[in-house]
Amino acid sequence: MFFSLFFVQLFPSLVSTFNPSKACYLKAIETQPNFAVAWSNLGCVFNAQGEIWLAIHHFEKAVTLDPNFLDAYINLGNVLKEARIFDRAVAAYLRALSLSPNHAVVHGNLACVYYEQGLIDLAIDTYKRAIELQPHFPDAYCNLANALKEKGSVAEAEECYNTALRLCPTHADSLNNLANIKREQGNIEEAVRLYRKALEVFPEFAAAHSNLASVLQQQGKLQEALMHYKEAIRISPTFADAYSNMGNTLKEMQDVQGALQCYTRAIQINPAFADAHSNLASIHKDSGNIPEAIASYRTALKLKPDFPDAYCNLAHCLQIVCDWTDYDERMKKLVTIVADQLEKNRLPSVHPHHSMLYPLSHNFRKAIAERHGNLCLDKINVLHKPPYEHPKELKASEGRLRVGYVSSDFGNHPTSHLMQSIPGMHNPDKFEVFCYALSPDDGTNFRVKVMAEANHFTDLSQVPCNGKAADRIHQDGIHILINMNGYTKGARNELFALRPAPIQAMWLGYPGTSGALFMDYIITDRETSPIEVAEQYSEKLAYMPNTFFIGDHANMFPHLKKKAVIDFKSNGHIYDNRIVLNGIDLKAFLDSLPDVKIVTMKCPDGGDNVDSSAGLSMPVIPMNTIAEAV
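According to mature numbering (1 follows the signal peptide of the UniProt record, and there is no 0), the residues represented by the sequence shown are -17 to -1, 1 to 613, in order.
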């Protein structure tokens, strides 16, 4: 944690002369077996060679021969500390302090052991004693700050880091750790400056490389982040945190296989690394391998019971597979986690899109979305882009409003299944339609249709920089920009946070509020968003006359019979009895309802393991009848 081994300070010549020194000390012991100094010096040599147990043996022999040998006790404590044999290290340091009560370095090292044992208050008191004895002791201030931060006294910790830096402006650990605090406070630019300063002082500082990379990833600078993670791993090949975090970057870059390899390597290095197990679970979850995801999340929680991200993601996975075991207890804990995170102004572990699955209050759902909206603002702040200038009054270009639709789902996706004809349905005399794709061309007819019917189609997936992508939208002179992703997969809400258009609205792809100051309206309807619940939205409600939810099935399947041809009431529902009415006596149920019709459908060959010669009975039930029955 801090302090180089004391013997290196006492015997620097040993570092470069191991073999000759070793021979000399062995000869001295052979000549005089009770020569305690020779035993201690030989222990230093063995420790420098990585022979920890031999080092411990020789230091213990030295103090046995000379119970008042202060330096040997200090060296023994240091080696035991590095070997994480904490109880014996404490005993060695306490014996050293009994011989020299005012030895500041020993107090500092003893405090480090207390910290590792989780005895935070005792560690703080011991660090303070070290500082009393040696006020100009930057290592002690830095480590005291670490303990104070662990206890939650962040302001005091920050003050101690600053004191350490006043005493030693090039104290790399303090620069790195102070940067961590700045990052947690949201002062990203200052955090980056401090990380870079730490690396100027100590270019081989693996932790600073990894921490800087993490911030760069947060800023969207993925390639630079990847470079620093690789540097961290080059310096420290068994740096499990760097592997795990590099996996997060590769995942964001859509390199799923690379991310999987990084998480797996992190777990190989440290099988008890809960974060890596959780990250591995996220890969399985996103890939649809829910059973593996559940297993990995449970492993993470076994290793780290207080792990909100893993717990909330596990809850989501269990909901996906309809595992309702202990559901009420699970939901109660999930709500408690979210409440605590919101109170502490942290990014909640529940994603905005998933928040609708849980018994959270409307205010909680809005607050969760708001935190994610603020995160988008944090990401764009690092671009230092001046705000775009928009006219106070919108004036249509050549009599036409320019409307831009932004989506990652222009392709084979339910969003396009629903709205692929919308671009071509605008009145060309009044509207000029722009579509901005956030995903590459998937080659499907859905993509082709949107591209053909929009007046302009731009593939922004080829423009990864949010600033440049927003510039492109602004250059097009868009009057109304529509966000069709919200917080769904593939979204780039940072584009909207940059406000490239004077009016920005949510529509269709995301069913809730954005919680974001940069979204002005949500296109909805009175049934979906009654005026009484307007406060649940950060946006103004823009009502469609009927429903905001459109469908393109009539255009997609014009050759199929419409339900009117089947001749039943217009307010009816068609139920697939194999699914909706599973486990119910279908005939008895239908016989009990008036105005029910049975539509027989033929299955194609090989369809769903059903005999193709048989018909499927599809009950057609009037809406009011089924509602009353249920």
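Just so you know, even glycine gets a beta-carbon here, dropped at the ideal spot from N, CA and C.
Assigned secondary structure, residue i (DSSP; H/G/I helix, E/B strand, else coil)
| i | result |
| --- | --- |
| Lys111 | helix |
| Gly26 | helix |
| Asp442 | strand |
| residue 634 | As shown, the chain starts at -17 and ends at 613. That puts residue 634 outside it, with no answer to give. |
| Ile68 | coil |
| Tyr526 | strand |
| Thr308 | coil |
| Val175 | helix |
| Val365 | coil |
| Met489 | strand |
| Arg475 | coil |
| Gly387 | strand |
| Ile463 | strand |
| Phe352 | Just to set this straight, residue 352 is Ala in the shown sequence, not Phe. Here Ala352 sits in helix by DSSP. |
| Ser4 | helix |
| Thr319 | helix |
| Thr427 | coil |
| Ser338 | helix |
Residue i versus residue j - alpha carbon distance
| i | j | result |
| --- | --- | --- |
| Arg329 | Glu167 | 9 Å |
| Asn538 | Pro220 | 58 Å |
| Gln117 | Tyr110 | 10 Å |
| His41 | Trp307 | 60 Å |
| Pro3 | Ala19 | 19 Å |
| Thr427 | Phe393 | 9 Å |
| Leu358 | Lys204 | 15 Å |
| Ala11 | Ala74 | 29 Å |
| Pro84 | Val137 | 30 Å |
| Tyr56 | Ile216 | 35 Å |
| Ser270 | Leu243 | 11 Å |
| Arg78 | Ala113 | 16 Å |
| Gly534 | Phe540 | 12 Å |
| Lys132 | Leu343 | 31 Å |
| Ile277 | Asn194 | 29 Å |
| Ile35 | Ala21 | 17 Å |
| Phe256 | Ala435 | 50 Å |
| Arg455 | Leu421 | 13 Å |
| Thr398 | Ala223 | 40 Å |
| Asp43 | Asn163 | Asp is not the amino acid found at residue 43; the sequence shown has Glu there. Whole-angstrom Cα-Cα distance: 39 Å. |
| Pro513 | Ser521 | 14 Å |
Buried or exposed (CB count within 10 angstroms, at least 16 for buried), residue i
| i | result |
| --- | --- |
| Asn231 | buried |
| Gly469 | buried |
| Gln458 | exposed |
| Met467 | buried |
| Leu377 | exposed |
| Cys305 | exposed |
| Thr282 | buried |
| Asp152 | The amino acid at residue 152 is misidentified as Asp; the sequence shows Pro. Exposed, by the Cβ-count rule. |
| Leu543 | exposed |
| Glu381 | exposed |
| Asp323 | exposed |
Selection from the options that minimises the alpha carbon distance to residue i
| i | options | result |
| --- | --- | --- |
| Asp289 | His267, His260, Phe120 and Ile320 | Ile320 |
| Cys125 | Ser136, Gly135 and Leu161 | Leu161 |
| Val62 | Ile266, Ile103, Gly135 and Gly33 | Gly33 |
| His260 | Gln251, Glu141, Val28 and Tyr280 | Tyr280 |
| Met408 | Val433, Leu263 and Ala484 | Val433 |
| Phe120 | His542, Ala87 and Ser136 | Ala87 |
| Thr47 | Leu177, Asn24, Asn17 and Val175 | Asn17 |
| Ala94 | Val416, Ala72 and Val389 | Ala72 |
| Gly498 | Gln519, Gln324 and Ala242 | Gln519 |
| Tyr212 | Leu325, Ala190 and Phe417 | Ala190 |
| Cys418 | Phe429, His299, Asn395 and Asp442 | Asp442 |
| Val58 | Leu524, Asn30, Ser404 and Glu381 | Inspection of the sequence shows that residue 58 is occupied by Asn rather than by Val. Of Leu524, Asn30, Ser404 and Glu381, the residue nearest in Cα terms is Asn30. |
| Glu142 | Ile405, Leu127, Asp224 and Leu233 | Leu127 |
| Asn346 | Ala517, Gly135 and Asp122 | Ala517 |
| Ser81 | Leu158, Phe52, Val96 and Ser157 | Phe52 |
| Pro50 | Ile405, Ser23 and Phe440 | Ser23 |
| Gln202 | Pro254, Tyr98, His367 and Arg67 | His367 |
Short CB-CB distance (under 8 Å) between residue i and chain C
| i | result |
| --- | --- |
| His400 | In the structure shown, chain C cannot be found, because there is only a single protein chain. |
Distance cut-off 7 Å: residue i Cβ against heavy atoms of the ligand NAD
| i | result |
| --- | --- |
| Ile505 | Because no ligand of any kind appears in the structure shown, any question about the ligand NAD cannot be addressed here. |
Could you tell me whether the region 434 to 451 touches the region 321 to 341, using the rule of 3 or more Cβ pairs below 8 Å?
no
The region 485 to 493 touching the region 455 to 466, judged by at least three CB pairs closer than 8 Å:
yes
Any contact of the region 473 to 480 with the region 353 to 365, i.e. 3+ C-beta pairs under 8 Å?
yes
So, does the region 303 to 316 touch the region 347 to 361, judging by three or more C-beta pairs under 8 Å?
no
Counting pairs of Cβ atoms below 8 Å between the region 368 to 388 and the region 526 to 533, do you hit three or more?
no
Flag this pair as touching only if the region 500 to 509 and the region 365 to 374 have three or more C-beta atom pairs under 8 Å; answer yes or no.
no
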